[in-house]
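Worksheet: one structure, shown below.
Numbering (this note's numbering), first residue to last: 36 to 193.
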């Protein structure tokens with residue numbers, strides 16, 4: 036009986052540590068890219084203009100970037116990510132396009148470039164213990180849905 040109790044306790048300790056180890060954090064950009072690839076999407080590791088990690092990806096026919104924030108001076112130890120997609124229109128759209136989106140949507144926020152091109156951004160906190168893979172996958176599904184809705188909102192035919 037005691038042997039079973041000890042074995043069960045040891046298993047629970049290690050199982051808890053394994054579950055924690057599977058959490059995705061922004062300080063491991065490759066794990067984020069791998070999770071995206073595991074969902075069947077493209078995810079290419081690169082860097083931004085400041086040398087911070089960046090992932091180039093696409094979903095729902097839209098190319099987007101994942102930027103890493105809160106990184107240290109060596110561009111490591113990042114604590115959050117931002118998914119961002121921009122849409123280039125020949126003639127810019129009015130600022131009211133972003134204002135209308137922002138007044139009705141909860142997760143992703145829209146902005147306009149100086150040329151009137153819309154941008155959608157979605158921030159994700161991955162600090163401390165990060166998030167489980169299933170939570171990240173759900174977050175990515177929300178992002179994909181928001182891309183579809185945003186394309187409709189701005190009239191993107193791309």
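We put the beta carbon where it would ideally sit given N, CA and C, even for glycine.
Cβ-based neighbour list, residue i, same chain, cut-off 7 Å, excluding 5 preceding and 5 following
i: residue 47; result: At residue 47 the pLDDT is 48, less than 50, meaning the model places this residue with poor confidence and gives no usable figure here.
i: residue 174; result: 159
i: residue 112; result: 62 and 106
i: residue 171; result: 59 and 70
Beta-carbon spacing of residue i, residue j below 8 Å
i: residue 61; j: residue 161; result: yes
i: residue 87; j: residue 58; result: no
i: residue 76; j: residue 92; result: yes
i: residue 80; j: residue 65; result: yes
i: residue 121; j: residue 152; result: yes
i: residue 145; j: residue 133; result: yes
i: residue 155; j: residue 116; result: no
i: residue 97; j: residue 186; result: yes
Same chain, Cβ closer than 6 Å to residue i, neighbours up to 5 away in sequence not counted
i: residue 178; result: 118 and 157
i: residue 55; result: Residue confidence is low: residue 55 scores 44 on pLDDT, short of 50, so the model does not pin down where it sits. No coordinate-derived value is stated.
i: residue 123; result: 152
The beta strand (DSSP E) enclosing residue i, as first and last residue numbers
i: residue 160; result: 153-160
i: residue 84; result: No beta strand (DSSP E) contains residue 84, which DSSP labels as neither H nor E.
i: residue 121; result: 115-121
i: residue 144; result: 144-147
Three-state secondary structure assigned by DSSP to residue i
i: residue 174; result: helix
i: residue 108; result: coil
i: residue 137; result: helix
i: residue 68; result: helix
i: residue 186; result: helix
i: residue 100; result: strand
i: residue 181; result: helix
i: residue 167; result: coil
Same chain, Cβ closer than 8 Å to residue i, five either side skipped, listed in chain order
i: residue 72; result: 78
i: residue 167; result: 54, 57, 58 and 59
Minimum C-alpha distance to residue i - residue among the options
i: residue 83; options: 99, 125, 69 and 70; result: 99
i: residue 147; options: 140, 141 and 136; result: 136
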